[in-house]
Amino acid sequence: MGEVLSRIFDNLVSRVQGPMHFRFILQPIMAVIFAILDGRKDAREGRAPYFWSLFTDPRNRRALLLTGWKSVGKIFFLALVLDAVYQVWQLHWFYPGEALLVAVFLAILPYVLLRGPVNRMNHKKQEENYAQIIR
8 MGEVLSRIFD NLVSRVQGPM HFRFILQPIM AVIFAILDGR KDAREGRAPY
58 FWSLFTDPRN RRALLLTGWK SVGKIFFLAL VLDAVYQVWQ LHWFYPGEAL
108 LVAVFLAILP YVLLRGPVNR MNHKKQEENY AQIIR
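Counting with this note's numbering, you get residues 8 to 142 for the letters of the sequence shown.
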């Protein structure tokens, strides 16, 4: 088991410095862009923050997951494909678990972590604008 974890760690570290390292910048940026767009839309529509709602709103959980997947699914798939290409090219083998781990790290994690805070920031801006209008 220790050998497997060591191999996974070594392979993950080598991805950051090796060929195709640009995807560690571009794919999270794409996920952040979609998180910003969806977070602003959530604020306009008065929705609760995304990540929090996944746990506290069981009735709408499926719809929330579907909208999130609609935004981040293409980036996730692209991350999987690019990691598969990297693995075959550099490691001469394909490790599906590592590809999933990299895809989650590059696509889903930035999206989930930023959509809610963007919603909160935009919601507060809207509240401030309404308060100025009322005055």
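The beta carbon of each residue, even a glycine, is placed where N, CA and C say it ideally should be.
Of the residues LYS131, ARG122, GLY9, GLU10, the one whose Cα lies closest to the Cα of PHE58 is ARG122.
Counting every other CB atom within 10 Å of its CB across the protein chains shown gives SER60 a total of 16 or more, marking it as buried.
Look at TRP100 here: in three-state DSSP terms it is coil, with no helix or strand label. With respect to the 8 Å criterion, PHE41 and VAL88 are not classified as neighbours on the basis of their beta carbons. Residue state for PHE29 is assigned as coil, using DSSP reduced to three classes.
Listed in chain order, the non-local C-beta contacts of ASP45 below 6 Å within the same chain comprise SER78, ARG122, local neighbours out to five positions each way being set aside. Taking 8 Å as the upper bound for CB-CB distance, GLN97 and PRO26 are in contact here, some 7 Å apart.
LEU113: not part of any alpha helix (DSSP H); DSSP gives it neither H nor E.
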